[in-house]
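A quick write-up on the structure given underneath.
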Amino acid sequence: MSRPLKSLTKRAALSVQELLDKKVPKEPDALDDEYLLALCETHDQLNNDIEDLSEAHSDLKEVNSKWTSLILRCNLAEKAANENAYEEMASFYKIEERLND
């Protein structure tokens, strides 16, 4: 996993843990404004973390696609070069004629 994605994942995990660690009042009327504000702030932070993770994931998919394309193009170029080299050597050493004899 890339460093940016690791750090974003860790930050999101911390936000989730922060939400889980918050004590929930047993009675609905026992909710205080500070609790709700802290809960909303943590929720907003988690939403931001999710957006960042989504962007990082998209970036990684794009980079992976580019690397895959590059590798495929290199393989095709190597294959063509190897075929040309084989044909040159085959004609030089007359391999086809020897195989047919």
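In our numbering, the protein residues as written are 159 to 259.
By construction, the Cβ of each residue, glycine as well, lies at the ideal position given by its N, Cα and C atoms.
Quiz prompt | Boundaries of the alpha helix (DSSP H) in which residue 179 is found, first to last residue | solution = The residue given as residue 179 occupies position 21 in the sequence shown. Segment 161-179, the alpha helix (DSSP H) holding residue 179.
Practice problem: Specify the secondary structure class of residue 252 as computed by DSSP and reduced to three states. | Solution: Counting from one through the sequence shown, the residue named residue 252 turns up at place 94. Correct three-state label for residue 252: coil.
Quiz item: Taking the C-alpha atoms as reference points, what is the distance between residue 210 and residue 243?
Solution: To locate residue 210, count along the sequence shown from 1; it is residue 52. To locate residue 243, count along the sequence shown from 1; it is residue 85. Each residue's Cα considered, the two are about 49 Å apart.
Exercise. Could you pull out every residue in the same chain whose Cβ sits closer than 8 Å to the Cβ of residue 180, ignoring the five residues on either side in sequence?
Key: In the sequence shown, the residue the question calls residue 180 occupies position 22. Correct list, in chain order: 193, 196, 197 and 200.
Quiz item: On the three-pair Cβ rule with 8 Å, is the region 210-222 touching the region 163-175?
Solution: yes
Quiz item: Going by C-alpha distance, which of 257, 172, 252 and 246 is nearest residue 204?
Solution: Translated into the one-based positions of the sequence shown, residue 204 becomes position 46. Nearest of 257, 172, 252 and 246 to residue 204, Cα basis: 172.
Quiz item: Considering only residues of the same chain and omitting the five flanking positions on each side of residue 174, which have a CB-CB separation below 8 Å?
Solution: Here residue 174 refers to the residue found at position 16 of the sequence shown. Cβ within range, chain order: 204.
Quiz item: Taking Cβ to Cβ, would you say residue 202 is nearer than 8 Å to residue 170?
Solution: Taking the sequence shown and counting its residues from 1, one reaches residue 202 at position 44. Taking the sequence shown and counting its residues from 1, one reaches residue 170 at position 12. Not closer than 8 Å, so no.
Quiz prompt | residue 231 versus residue 239: straight-line alpha-carbon distance, rounded | solution = For the purposes of this step, residue 231 is identified with residue 73 of the sequence shown, where counting begins at 1. For the purposes of this step, residue 239 is identified with residue 81 of the sequence shown, where counting begins at 1. Looking at the two C-alpha atoms, the distance is approximately 12 Å.
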